[in-house]
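In what follows, a single structure is set out as structure tokens and then discussed.
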Amino acid sequence: MKEENKYSIQFSGLAEGKHQFEFQISKDLLEIYGQTEINDMNIKVDALMEKTSRHMAFVFHIEGVINVQCDRCLDYFDLELNFDNKLHVIFGEETSDITDIDDRMVLSRKEDKIDLAKHFYDYINLQIPLKKIHSDDENGDSTCNKKMLDNLEKFLGEQSPSNKVDPRWDKLKHLHN
Numbered sequence: 001m002k003e004e005n006k007y008s009i010q011f012s013g014l015a016e017g018k019h020q021f022e023f024q025i026s027k028d029l030l031e032i033y034g035q036t037e038i039n040d041m042n043i044k045v046d047a048l049m050e051k052t053s054r055h056m057a058f059v060f061h062i063e064g065v066i067n068v069q070c071d072r073c074l075d076y077f078d079l080e081l082n083f084d085n086k087l088h089v090i091f092g093e094e095t096s097d098i099t100d101i102d103d104r105m106v107l108s109r110k111e112d113k114i115d116l117a118k119h120f121y122d123y124i125n126l127q128i129p130l131k132k133i134h135s136d137d138e139n140g141d142s143t144c145n146k147k148m149l150d151n152l153e154k155f156l157g158e159q160s161p162s163n164k165v166d167p168r169w170d171k172l173k174h175l176h177n
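With my numbering applied, the sequence shown closes on residue 177, and no number is skipped along the way.
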């Protein structure tokens, strides 16, 4: 995997205190880490970093649009995202993720920059709802592809269970008290 510098922060030359960064995230982030449910995206990340000699604390405000496939009609639609995440980076001997706490990681004191690409990828993918469907319009009607919904209704109508009872079971009804 190649290092993606546009999602990295060179912190070694920065003074202690608060610093602001802005990242623009597009489809290229998806290509770094492989397959995902996201077809395309346009995301802006505002990052506030507070640096001390022992750690760095990040607050990310992530806002934008991802393009995903509707689970009902299979058309692609834009899903708006607007959320915040935090990351606490502790300086230690070796770089590692702390597995029991999601928002913490250890970064080696020898490192001079932090690559945030994987964190952004994870944060965005965790915002995808389990059920991805078009939103309803102001009248409460679905904005899904009408043609696909009609085909789905036609298919489901043909597959609906019948109220007719198998004649073999009719003979057993009189045995039941």
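For each residue, glycine too, the CB sits at the ideal point set by N, CA and C.
Simplified DSSP assignment, three categories, for residue i
| i | result |
| --- | --- |
| glutamate 153 | helix |
| glutamate 4 | Reliability fails at glutamate 4, whose pLDDT of 47 lies under 50, so the model's placement of it is uncertain and no value is given. |
| phenylalanine 120 | helix |
| asparagine 82 | strand |
| lysine 131 | coil |
| asparagine 67 | strand |
| leucine 30 | helix |
| leucine 126 | coil |
| arginine 54 | coil |
| leucine 172 | helix |
| lysine 110 | coil |
Of the listed residues the options, nearest to residue i (C-alpha basis)
| i | options | result |
| --- | --- | --- |
| glycine 64 | Lys51, Lys171 and Asp46 | Asp46 |
| valine 59 | Val89, Gln69, Gln35 and Arg72 | Val89 |
| phenylalanine 91 | Lys51, Asn85 and Asn5 | Lys51 |
| tyrosine 123 | Asp84, His55, Asn139 and Glu31 | Asp84 |
| isoleucine 38 | Leu126, Leu149 and Glu93 | Leu126 |
| glutamate 66 | Glu22, His55, Arg72 and Asn82 | Note on identity: in this sequence residue 66 is isoleucine, with glutamate being the wrong assignment. Residue Asn82 is the option with its Cα nearest to isoleucine 66. |
| lysine 131 | Ile9, Arg54, Arg72 and Met49 | Arg72 |
| isoleucine 32 | His55, Leu156, Lys6 and Ile114 | Lys6 |
| serine 179 | Phe155, Leu116 and Arg109 | Limits of the chain in this structure are 1 at one end and 177 at the other, which puts residue 179 out of reach. |
Exposure of residue i, with buried meaning 16 or more beta-carbon neighbours within 10 Å
| i | result |
| --- | --- |
| alanine 15 | exposed |
| glutamate 3 | The predicted model places glutamate 3 with a pLDDT of 46, which falls under 50 and marks its position as unreliable; any figure quoted below should be read in that light. It is exposed - the Cβ of glutamate 3 has fewer than 16 other Cβ atoms within 10 Å. |
| histidine 119 | buried |
| leucine 107 | buried |
| valine 179 | Nothing can be reported for residue 179, as the shown portion of the chain is limited to 1 through 177. |
| phenylalanine 23 | buried |
| leucine 149 | exposed |
| leucine 172 | exposed |
- [ ] Evaluate contact between the segment 133-145 and the segment 69-82, counting only Cβ atoms and requiring at least three cross-stretch pairs below 8 Å.
- [x] yes
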